[in-house]
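*Asks:* Quick one: the structure is below, questions incoming.
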Amino acid sequence: MSLRTVRIIVAAAFIVVVGTGVLAVIRARALLDNLTMTPDPACVSQSIADSDALANEIAPLLPSTRPDDMGGRLGCEPDEAGAWIEVELPNTSIEDAMRSFVPPAWTPVSAREAQEQAEPGETVLGVTGEINDRQVRVFASQSRSGKGPVRVAAWFLDD
Numbered sequence: 573m574s575l576r577t578v579r580i581i582v583a584a585a586f587i588v589v590v591g592t593g594v595l596a597v598i599r600a601r602a603l604l605d606n607l608t609m610t611p612d613p614a615c616v617s618q619s620i621a622d623s624d625a626l627a628n629e630i631a632p633l634l635p636s637t638r639p640d641d642m643g644g645r646l647g648c649e650p651d652e653a654g655a656w657i658e659v660e661l662p663n664t665s666i667e668d669a670m671r672s673f674v675p676p677a678w679t680p681v682s683a684r685e686a687q688e689q690a691e692p693g694e695t696v697l698g699v700t701g702e703i704n705d706r707q708v709r710v711f712a713s714q715s716r717s718g719k720g721p722v723r724v725a726a727w728f729l730d731d
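Just so you know, we're using the numbering used here here: the sequence shown kicks off at 573 and counts up by one.
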């Protein structure tokens, strides 16, 4: 093997080792950033207030639901967009879950918009309304078979 060939092999190996090291450092930094990510306190405060407002207005419209029954997310992670709440209602139909969401306070969303919120094999009904002068969407979903709980979720549109 010539000296030139050896140098090329050594240079190529060096490039591979350095490139692998750089990728390892980038991945380690991304992992560390995710592990130590602390949400913005202002976002957390606003999200808690939004979740409370949603739960206090939506829960009384649902069968046998209290605001404390509503779970959800703060939505303060970089890839999320605002707070939302959710509750599962066992032993009810999707129609019964949405029975109290009536005009003029609530307006049905289009079937297309509702289906955009559906998982495969689900039926979804959705409404839009206002809470504290903010536009909100509420969707109820259930398996097309009608078996299993109804899942109701709500969020503000301006988030």
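Heads up, the beta-carbon is just placed ideally off N, CA and C, and yes, glycines get one too.
Between the C-alpha atoms of M642 and A683, what's the straight-line distance to the nearest angstrom?
*Replies:* Spanning the two alpha carbons is a distance of roughly 25 Å.
*Asks:* What is the DSSP secondary structure of S619, counted as helix, strand or coil?
*Replies:* S619: helix per DSSP, three-state reduction.
*Asks:* Using only the alpha-carbon positions, how far apart do N704 and A655 sit?
*Replies:* If you take the alpha carbons of N704 and A655, they lie about 15 Å apart.
*Asks:* Mapping DSSP to helix, strand and coil, what is R723?
*Replies:* Here R723 sits in strand by DSSP.
*Asks:* Are there 16 or more other CB atoms within 10 angstroms of the CB of R716, so buried, or fewer, so exposed?
*Replies:* By the 10 Å Cβ count, R716 comes out exposed.
*Asks:* Would a C-beta distance cut-off of 7 Å place V708 and A726 closer than the cut-off?
*Replies:* Yes, Cβ-Cβ distance for V708 and A726 is below 7 Å.
*Asks:* What distance in whole Å lies between the Cβ atoms of E649 and R723, which are believed to be in contact at a cut-off of 8 Å?
*Replies:* Not confirmed; about 21 Å, so no contact.
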